[in-house]
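Visitor: For the sequence shown, the working numbering begins at 68 and goes up steadily by one.
Don't be surprised by glycine CBs; every beta carbon is placed ideally from N, CA and C.
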Amino acid sequence: DINTQVFYKVFLDGSLLMENSQEKFVLLKGMNSGAHILKVVPTIASGREGIPLLFPFSVLSAATVEQKPDEKIEPVSNIDYVLYGVGGIALIEFIIIIVLLSRKKGTKTVPKKIVETKIVKVKETSEPELNILKETVAKLNTQLKEKQETIDNLQNQLKEVNTNVHDLENANLNLVEQREKLKESKYKLEFLHSQKEDMFTIAIHDIKNPASAIRGYIELLNSYDLNANEQQEIMESLVATSEEIVKRSQDMCTIIANVLPEPKVTFSKHAVNKIIETVVNQNLSYSKTKHVKLVKKFGEGLPEINIDIEKIEEALNNLVNNAIKFAPPETAVEVESYYIEEKKKAVVISVKDNGVGLTEEDLRKSFQKGAVLSAKPTGLEKSSGLGLWIVKKIIDEHDGKVWVESTRGVGSTFAFEIPVE
Numbered sequence: 068d069i070n071t072q073v074f075y076k077v078f079l080d081g082s083l084l085m086e087n088s089q090e091k092f093v094l095l096k097g098m099n100s101g102a103h104i105l106k107v108v109p110t111i112a113s114g115r116e117g118i119p120l121l122f123p124f125s126v127l128s129a130a131t132v133e134q135k136p137d138e139k140i141e142p143v144s145n146i147d148y149v150l151y152g153v154g155g156i157a158l159i160e161f162i163i164i165i166v167l168l169s170r171k172k173g174t175k176t177v178p179k180k181i182v183e184t185k186i187v188k189v190k191e192t193s194e195p196e197l198n199i200l201k202e203t204v205a206k207l208n209t210q211l212k213e214k215q216e217t218i219d220n221l222q223n224q225l226k227e228v229n230t231n232v233h234d235l236e237n238a239n240l241n242l243v244e245q246r247e248k249l250k251e252s253k254y255k256l257e258f259l260h261s262q263k264e265d266m267f268t269i270a271i272h273d274i275k276n277p278a279s280a281i282r283g284y285i286e287l288l289n290s291y292d293l294n295a296n297e298q299q300e301i302m303e304s305l306v307a308t309s310e311e312i313v314k315r316s317q318d319m320c321t322i323i324a325n326v327l328p329e330p331k332v333t334f335s336k337h338a339v340n341k342i343i344e345t346v347v348n349q350n351l352s353y354s355k356t357k358h359v360k361l362v363k364k365f366g367e368g369l370p371e372i373n374i375d376i377e378k379i380e381e382a383l384n385n386l387v388n389n390a391i392k393f394a395p396p397e398t399a400v401e402v403e404s405y406y407i408e409e410k411k412k413a414v415v416i417s418v419k420d421n422g423v424g425l426t427e428e429d430l431r432k433s434f435q436k437g438a439v440l441s442a443k444p445t446g447l448e449k450s451s452g453l454g455l456w457i458v459k460k461i462i463d464e465h466d467g468k469v470w471v472e473s474t475r476g477v478g479s480t481f482a483f484e485i486p487v488e
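1. On the three-state DSSP scale, how would you describe ASN350?
2. Assuming the contact rule is C-beta atoms closer than 8 Å, VAL126 and ASN99 should be a hit. Round their C-beta distance to whole Å, please.
3. Report all residues from its chain with a CB closer than 7 Å to the CB of VAL332; omit the five preceding and five following residues, and keep chain order.
4. Quick one: give me the first and last residue of the alpha helix (DSSP H) that GLY454 is part of.
5. Contact defined as beta carbons within less than 8 Å: I believe VAL439 pairs with GLY422. What is the distance between those atoms, to the nearest angstrom?
6. Specify whether the segment 298 to 312 and the segment 366 to 374 touch according to this definition: at least 3 beta carbon pairs, one from each stretch, less than 8 Å apart.
7. Mind checking ILE462: buried by the 16 CB within 10 Å criterion, or exposed?
8. Under DSSP, the beta strand (DSSP E) around ALA102 begins and ends at which residues?
9. When DSSP builds the beta bridges, which residues end up paired with TYR543?
10. Just mark LYS443 as buried or exposed, buried being the case when its beta carbon has 16 or more other beta carbons within 10 Å.
11. Name the DSSP beta bridge partners of ARG87, please?
12. Quick one, are the C-beta atoms of THR308 and ILE281 less than 8 Å apart?
13. For the alpha helix (DSSP H) that LYS432 lies in, which residues bound it at each end?
14. Compute the beta-carbon to beta-carbon distance between GLU484 and VAL415, rounded to the nearest angstrom, for a pair I have assumed lies under 8 Å.
15. Can you tell me which of the three DSSP states ALA382 falls into?
16. Could you tell me which residues DSSP pairs with GLU236 in its beta bridges?
17. Would a C-beta distance cut-off of 8 Å place LYS91 and LEU83 closer than the cut-off?
18. Could you say which of VAL402, SER354 and ASN241 lies nearest to GLY446 if we only look at CA atoms?
19. In the DSSP assignment, what residue or residues form a beta bridge with HIS337?
20. Pull up the CB-CB distance for ILE391 and LYS363, whole angstroms please, since I reckon it's below 8 Å.
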């Protein structure tokens, strides 16, 4: 039947090469080197077309090759057609291998044109399907764009978070530094407060001692018939003691006005025995009112020592004043100086009394701030517990050493040493 007779349309690179052909082979001439596609479409007289066949191939050199299909091209079912295609591919690849092997051996039968072909079955797509595909691709592109924008936003947010984290880390470091500075300032303030407290305590104690001495001088003037020379000595002592009180008061006012720490120690060379003479004279009136004898024992050939004379006089005055305060009537207080050469060269000043002595607990806490010892003043005087602490503080400033030796019921000896340079 003519209506079922099969014809073939042949296209080369999209251009119609043959129409309604029933030829069993195709001769291609004048082919340019490169990739090409041969398309064969089976048709019948009524115009109905079958599934097209695609033959992609490559021309390696400008030559001519003749391609002969091993079978007549016929419209077949999809499965059969795939089998035909696979067989065709295998046949063509076999031909190519033979050709390559022949060229490698240098035979003269190598064709001048080598065509690589593959059979690809392509299912034609209708226009509605193409439109659907286009819409799908467009939607995917839109979604991809939206996702990309989302990613960009997240990346920007991540950058902001990283920046914020970096800022927070810097702020945290600054806080740590400020905290350390505040700690340091706190320690300094606590130290200054402690120093100021100690300084006021010492100053008040230093004012109390000369004030007590003034009272003793006044009692002497009222209780005894004194000649002119004795009265003159007492008046001179009163003036000197009053000047000491004024000086201490001025120091306190200066510190309060300027909010300064305690004045630094000022060192200079001084003779030890002269210091003892001064301090003993300051306490003569007090010892007389207590009926206590003051005895001086000067060491010979003592070297001068590098000291703050006002502070050393203050320390020695506290020891002598304490000894008189706790000494029973009709006893003696000895103030002695001597030189030692043991581990290091030093000058020692000691104050010995014949009082009741100290307990083991008293010895342990003698130089602690505010420590009130078990012994009671013989004249019912009040004790602040600061005198010995002040002595230790002053001697420590001079790189010296202070100690006490005591026997219960016999008496005590307080002493300190100052190194000789």
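Guide: From the atom records:
1. On the sequence shown, residue 350 is found 283 positions in, with the first residue counted as 1. In the three-state scheme derived from DSSP, where H, G and I count as helix and E and B as strand, ASN350 is classed as coil.
2. Position 59 of the sequence shown, counted from the first residue, corresponds to residue 126. Position 32 of the sequence shown, counted from the first residue, corresponds to residue 99. Yes, they are in contact, since the Cβ atoms of VAL126 and ASN99 sit about 7 Å apart, within 8 Å.
3. For the purposes of this step, residue 332 is taken as the residue at position 265 of the sequence shown. Residues ASP375, LYS378 and GLU464 of the same chain have their beta carbon placed closer than 7 Å to that of VAL332, with the five preceding and five following residues left out of the count.
4. Reading the sequence shown from its first residue, position 387 is the one you call residue 454. For GLY454, the enclosing alpha helix (DSSP H) begins and ends at 454 to 464.
5. Residue numbering aside, residue 439 sits at position 372 when the sequence shown is read from its first letter. Residue numbering aside, residue 422 sits at position 355 when the sequence shown is read from its first letter. For a cut-off of 8 Å, the C-beta gap from VAL439 to GLY422 is around 15 Å, too long to register as a contact.
6. The segment 298 to 312 makes no contact with the segment 366 to 374, as fewer than three CB pairs between them are under 8 Å.
7. Position 395 of the sequence shown, counted from the first residue, corresponds to residue 462. Under this definition ILE462 is a buried residue.
8. Here the question's residue 102 lines up with position 35 in the sequence shown. Note, ALA102: beta strand (DSSP E), 101 to 111.
9. Limits of the chain in this structure are 68 at one end and 488 at the other, which puts residue 543 out of reach.
10. Translated into the one-based positions of the sequence shown, residue 443 becomes position 376. Counting Cβ neighbours within 10 Å, LYS443 comes out exposed, since fewer than 16 surround it.
11. Numbered from its first residue, the sequence shown carries residue 87 at position 20. Here residue 87 is Asn; the residue named in the question, Arg, does not match the sequence. Answer is none; ASN87 lacks a bridge partner.
12. By 1-based counting over the sequence shown, the position of residue 308 is 241. By 1-based counting over the sequence shown, the position of residue 281 is 214. The answer is yes: Cβ separation under 8 Å.
13. Within the sequence shown, residue 432 is the residue found at index 365, counting from 1. Looking at the DSSP string, the run of the alpha helix (DSSP H) that includes LYS432 is 427 to 432.
14. The count along the sequence shown starts at 1 and reaches residue 484 at position 417. The count along the sequence shown starts at 1 and reaches residue 415 at position 348. Rounded, the Cβ-Cβ distance is 5 Å, consistent with contact.
15. Start at 1 with the first residue of the sequence shown, and residue 382 comes out as number 315. The answer is helix: DSSP assigns ALA382 an H, G or I state.
16. Reading the sequence shown from its first residue, position 169 is the one you call residue 236. According to DSSP, GLU236 bridges with nothing at all.
17. One-based indexing of the sequence shown puts residue 91 at position 24. One-based indexing of the sequence shown puts residue 83 at position 16. For LYS91 and LEU83, no; Cβs fall outside 8 Å.
18. Taking the sequence shown and counting its residues from 1, the one referred to as residue 446 is at position 379. Checking every option, the nearest Cα to that of GLY446 belongs to SER354.
19. To locate residue 337, count along the sequence shown from 1; it is residue 270. HIS337 is bridged to ILE372.
20. Indexing the sequence shown from 1 puts residue 391 at position 324. Indexing the sequence shown from 1 puts residue 363 at position 296. ILE391 to LYS363, Cβ: 14 Å. No contact.
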